[in-house]
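Participant:
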Amino acid sequence: MENRKTLREKLQALPCHFTWDFEFEDQADVEHLLKYLTLQVKHTLCQNRDTYVTMKAFLYHHQRRYSDALKSLREAEHILAQDHPDNLLRQAVLTYGNYAWIYYHLSNYKMVQRYLDHIAELGRSLCSPHPFPTGLPEILAQKGWSLLVAGVQRGVEAKECFEGARRRDPSNNQLQTGLAMALYAAWEHLQSDPYREKATEMLEEVVLHQPENFETKIYLARLLLQKDEQRARTLLEEVAERSLNPEVLRRAAKLCLRDPPLLSRAISILKKAIALDSSYHILYYDLGMCYKAQMEGASPERKSSLLTFAGENFHQAVQMNAFFVDPMLELATIYGEGLLAYEEEIYAHLVEEAPNISKQCLQALYLQWGDFLLQKKNQKQEALEKYMAGICIAGGLGKKLLVRRLMSLAHMFWEDSQTARADTIYSFLQTVHYEEPGPGSEELWWHNHRALR
Numbered sequence: 040m041e042n043r044k045t046l047r048e049k050l051q052a053l054p055c056h057f058t059w060d061f062e063f064e065d066q067a068d069v070e071h072l073l074k075y076l077t078l079q080v081k082h083t084l085c086q087n088r089d090t091y092v093t094m095k096a097f098l099y100h101h102q103r104r105y106s107d108a109l110k111s112l113r114e115a116e117h118i119l120a121q122d123h124p125d126n127l128l129r130q131a132v133l134t135y136g137n138y139a140w141i142y143y144h145l146s147n148y149k150m151v152q153r154y155l156d157h158i159a160e161l162g163r164s165l166c167s168p169h170p171f172p173t174g175l176p177e178i179l180a181q182k183g184w185s186l187l188v189a190g191v192q193r194g195v196e197a198k199e200c201f202e203g204a205r206r207r208d209p210s211n212n213q214l215q216t217g218l219a220m221a222l223y224a225a226w227e228h229l230q231s232d233p234y235r236e237k238a239t240e241m242l243e244e245v246v247l248h249q250p251e252n253f254e255t256k257i258y259l260a261r262l263l264l265q266k267d268e269q270r271a272r273t274l275l276e277e278v279a280e281r282s283l284n285p286e287v288l289r290r291a292a293k294l295c296l297r298d299p300p301l302l303s304r305a306i307s308i309l310k311k312a313i314a315l316d317s318s319y320h321i322l323y324y325d326l327g328m329c330y331k332a333q334m335e336g337a338s339p340e341r342k343s344s345l346l347t348f349a350g351e352n353f354h355q356a357v358q359m360n361a362f363f364v365d366p367m368l369e370l371a372t373i374y375g376e377g378l379l380a381y382e383e384e385i386y387a388h389l390v391e392e393a394p395n396i397s398k399q400c401l402q403a404l405y406l407q408w409g410d411f412l413l414q415k416k417n418q419k420q421e422a423l424e425k426y427m428a429g430i431c432i433a434g435g436l437g438k439k440l441l442v443r444r445l446m447s448l449a450h451m452f453w454e455d456s457q458t459a460r461a462d463t464i465y466s467f468l469q470t471v472h473y474e475e476p477g478p479g480s481e482e483l484w485w486h487n488h489r490a491l492r
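All residue numbers for the sequence shown refer to the working numbering, where the first residue is 40 and numbers rise by one.
(1) Between the C-alpha atoms of E160 and G136, what's the straight-line distance to the nearest angstrom?
(2) Report the three-state DSSP secondary structure of F348 (helix, strand or coil).
(3) Return the residue from the list E116, A139, Y142 and H144 that minimises the CA-CA distance to A131.
(4) Looking only at its own chain, which residues have a Cβ that is under 8 Å from the Cβ of V245, when we skip the five neighbours before and after it?
(5) From A67 to G429, what distance separates their C-alpha atoms?
(6) Answer yes or no: do N352 and L370 have a C-beta to C-beta separation smaller than 7 Å?
(7) Across the stretch 198 to 207 and the stretch 72 to 88, are there enough close Cβ pairs to call them in contact, namely three or more that are closer than 8 Å?
(8) Any idea what DSSP makes of H144, helix, strand or coil?
(9) Short check: CB of E277 to CB of L78, under 7 Å?
(10) T90 and W184 look like a contact to me (Cβ under 8 Å); what is the Cβ gap, rounded to whole Å?
(11) Judging by CA-CA distance, which residue of L413, F411 and Y386 is the nearest neighbour of C400?
(12) In its own chain, which residues sit with a C-beta less than 7 Å from the C-beta of N87, not counting the 5 before and 5 after it?
(13) Can you name, in chain order, every residue of its own chain whose Cβ lies under 6 Å from the Cβ of Y323, other than the five neighbours on each side?
(14) Give a yes or no on whether the C-beta atoms belonging to T58 and T93 are separated by under 7 Å.
(15) In angstroms, rounded to a whole number, what distance separates the CA positions of L98 and N395?
(16) Determine the burial state of E382: buried for a count of at least 16 other Cβ atoms within 10 Å of its Cβ, exposed for fewer.
(17) Who are the near neighbours of F529 in its chain, counting only those whose CB is closer than 6 Å to its CB and skipping five residues on each side?
(18) Going by C-alpha to C-alpha distance, which of P300, Y234 and D65 sits closest to F362?
(19) For L406, report the span of its alpha helix (DSSP H) as first-last.
(20) Considering W184, what are the terminal residues of the alpha helix (DSSP H) in which it resides?
(21) With 16 as the cutoff for other CB atoms within 10 Å, does S282 come out buried or exposed?
(22) Residues in the same chain with beta-carbon distance under 6 Å from C295, minus the five sequence neighbours each way, listed in chain order, please.
(23) Using DSSP with H/G/I as helix, E/B as strand and the rest coil, what is A337?
(24) By how many angstroms is the C-alpha of P233 removed from the C-alpha of K110?
(25) If we call anything under 7 Å between Cβ atoms a contact, is I432 one with L445?
(26) Considering only the alpha carbon of each residue, which of C55, H450, E114 and K293 lies closest to L264?
(27) Y426 to L346, Cα distance in whole Å?
(28) Which value, in whole angstroms, describes the spacing of the CA atoms of F467 and K438?
(29) To which residues of the same chain is L145 closer than 7 Å at the C-beta, ignoring the five residues directly before and after it?
(30) Relative to the C-alpha of L423, which candidate in Q407, L448 and K416 has its C-alpha closest?
(31) With DSSP run on the structure shown, which of helix, strand or coil describes G327?
(32) Use the C-beta contact count for P366: other C-beta atoms within 10 angstroms, 16 or more gives buried, fewer gives exposed.
(33) Could you tell me if H100 is buried or exposed, where buried requires 16 or more neighbouring beta carbons within 10 angstroms of its beta carbon?
(34) With a CB to CB cut of under 8 Å and the five nearest residues on each side skipped, what residues in its chain are close to V188?
(35) Quick check on DSSP: helix, strand or coil for L119?
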């Protein structure tokens, strides 16, 4: 039996989720993705269910839920036998790779070797120059679908995967669907006109041949919103009326939020999504945000009712997922209207949970805590400390707002003749080498699965 180090070196060469460089910010991301994958398995029109279920095993590994991980892999094998009876072994490489890694983490090296042997046997049958097959169109497609799950920031990589798969298997129409979705993801991340044009062209073709593919229809509606608003509205309404996928309905609601008069329509769509799947926690947060948006310009009595509705939905989201920071921050603001001490207690509690919170959420926390200290308690120095703490967090996309707060605070210090404190802020910003975010970076990488913004 080979030693652990040698086995790991072999595992690193496997084409599977463990070697495709997926990163997750926090446990909330993992929970969101697990739910998203469950919905994809149920509603996908492509023969990629095995990819989604195999990816769930990878996510369960991140939660150290190894029994659930192995259960998912067994489910993936069952799906493979149903969906790919004539191409089982080539399709099973991803599942076998995840099996090998899971058993490695369980220190069951006999089973690790078993799955390595399965994959190596396929490589030999294909006369592969590598110990394990890596360039099969089946594997490239599986990687492409997996990258799309990870978020729009992986859209360009997913596009390259589907293009490579199509070159090797040009007759597979499902690869065209994957490529169209990857082009859309690349456009949404980079906001590039060439990607917009190519994505629109390919999505039009997919929608023509797959009239029941509501996911691609909502993507097409988003692309057409500025170019052909009437058609975009028609597609949006068709998706809202006919889709039974809560995630696709959530995206439809998000599209409605781009037009304030459609806010009530967004609420009705989200209520439909909740009726279809009341366990999808993010829907409650989205609904709460819609009620919060309706408060603008409402009468005092109406505003009070909307605040209650928003609070109830934020609370429901937190009850269903204790790692979901976004609704906690909203609840802090709501409760803070009547009791400042309680609002600050929520912020302090969340900081204690820092190891379980993403960098993005931590930055949002320090931003909101700083605003609370500055605007509600007039504590400039304490607010300064929170803003600085947020900027010192590596990564994340919240630095732009935090820098604005610091510049505003520096101006306040100058007006109060506290020039030393203002100079401290300017020196600090030079020390951290702040740079403006690049194109497309305003969108959170996981925004497909998290809150509507």
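Just so you know, even glycine gets a beta-carbon here, dropped at the ideal spot from N, CA and C. Being a predicted model, the structure only gives us computed values, none of them experimental.
Facilitator: A quick look at the data gives this:
(1) Taking the first residue of the sequence shown as position 1, residue 160 is located at position 121. Taking the first residue of the sequence shown as position 1, residue 136 is located at position 97. Computed Cα separation, rounded: 13 Å.
(2) The count along the sequence shown starts at 1 and reaches residue 348 at position 309. Three-state DSSP puts F348 in a helix.
(3) Mapped onto the sequence shown, residue 131 falls at position 92. Here the closest residue by C-alpha is E116.
(4) Taking the sequence shown and counting its residues from 1, the one referred to as residue 245 is at position 206. Within the same chain, V245 has close Cβ partners Q215, T216, A219, N252 and T255.
(5) Residue numbering aside, residue 67 sits at position 28 when the sequence shown is read from its first letter. Residue numbering aside, residue 429 sits at position 390 when the sequence shown is read from its first letter. About 20 Å.
(6) Locating residue 352 in the sequence shown gives position 313, where the first residue counts as 1. Locating residue 370 in the sequence shown gives position 331, where the first residue counts as 1. Not closer than 7 Å, so no.
(7) With the cut-off at 8 Å, the stretch 198 to 207 and the stretch 72 to 88 do not touch.
(8) As a working note, residue 144 is residue 105 in the sequence shown. In this structure, H144 counts as helix in the three-state DSSP scheme.
(9) Looking up residue 277 in the sequence shown gives position 238. Looking up residue 78 in the sequence shown gives position 39. Not a contact, by the Cβ cut-off of 7 Å.
(10) Residue 90 sits at position 51 when you count from the first residue of the sequence shown. Residue 184 sits at position 145 when you count from the first residue of the sequence shown. The pair is a contact, with the Cβ atoms about 5 Å apart (cut-off 8 Å).
(11) Within the sequence shown, residue 400 is the residue found at index 361, counting from 1. With distances taken between Cα atoms, C400 lies closest to Y386.
(12) By one-based count along the sequence shown, residue 87 stands at place 48. Only W184 meet the Cβ criterion.
(13) Residue 323 sits at position 284 when you count from the first residue of the sequence shown. If we look at Y323 and ignore the five residues flanking it on each side, its Cβ neighbours are N352, Q355 and A356.
(14) As a working note, residue 58 is residue 19 in the sequence shown. As a working note, residue 93 is residue 54 in the sequence shown. No. Outside cutoff.
(15) Your numbering for residue 98 matches position 59 in the sequence shown. Your numbering for residue 395 matches position 356 in the sequence shown. Going from the Cα of L98 to the Cα of N395 covers about 15 Å.
(16) For the purposes of this step, residue 382 is taken as residue 343 along the sequence shown, with counting starting at 1. Buried: at least 16 other Cβ atoms inside 10 Å.
(17) For the chain, the structure presents residues 40 to 492; residue 529 sits outside this window and is missing.
(18) Against the sequence shown, residue 362 aligns to sequence position 323. Nearest of P300, Y234 and D65 to F362, Cα basis: D65.
(19) For the purposes of this step, residue 406 is identified with residue 367 of the sequence shown, where counting begins at 1. K398 to D410 is the span of the alpha helix (DSSP H), which, as asked, contains L406.
(20) By 1-based counting over the sequence shown, the position of residue 184 is 145. Where W184 is concerned, the enclosing alpha helix (DSSP H) stretches over P176 to A189.
(21) In the sequence shown, counting from the first residue as 1, residue 282 sits at position 243. It counts as buried.
(22) By one-based count along the sequence shown, residue 295 stands at place 256. So the qualifying residues of the chain are L301, R304 and A305.
(23) Position 298 of the sequence shown holds residue 337. Residue state, collapsed to three classes: coil.
(24) Counting from 1 along the sequence shown, the entry for residue 110 is found at position 71. Counting from 1 along the sequence shown, the entry for residue 233 is found at position 194. Rounded to whole angstroms, the separation of the alpha carbons of P233 and K110 is 43 Å.
(25) If you number the sequence shown from 1, residue 432 lands on position 393. If you number the sequence shown from 1, residue 445 lands on position 406. No, they are not a contact pair.
(26) Taking the first residue of the sequence shown as position 1, residue 264 is located at position 225. For the residues C55, H450, E114 and K293, the minimum Cα distance to L264 belongs to K293.
(27) Counting from 1 along the sequence shown, the entry for residue 426 is found at position 387. Counting from 1 along the sequence shown, the entry for residue 346 is found at position 307. If I take the Cα positions, the gap works out to 28 Å.
(28) Along the sequence shown, read from residue 1 onward, the residue named residue 467 stands at position 428. Along the sequence shown, read from residue 1 onward, the residue named residue 438 stands at position 399. Approximately 13 Å between the Cα atoms of the pair.
(29) To locate residue 145, count along the sequence shown from 1; it is residue 106. Here the set comprises Y105.
(30) Within the sequence shown, the letter at position 384 stands for residue 423. Looking at the Cα atoms, L448 is the closest of the given residues.
(31) For this step, residue 327 is matched to residue 288 along the sequence shown. Correct three-state label for G327: helix.
(32) For the purposes of this step, residue 366 is taken as the residue at position 327 of the sequence shown. Buried, because 16 or more other Cβ atoms sit within 10 Å of the Cβ of P366.
(33) Indexing the sequence shown from 1 puts residue 100 at position 61. That one is buried.
(34) Here residue 188 is taken as the residue at index 149 of the sequence shown, counted from 1. Counting only Cβ-Cβ distances below 8 Å, and skipping sequence neighbours, we find L72, Y75, L76, Q79, Y91 and M94.
(35) The sequence position of residue 119 within the sequence shown is 80, counting from 1. Of the three classes helix, strand and coil, the one that applies to L119 here is helix, per DSSP.
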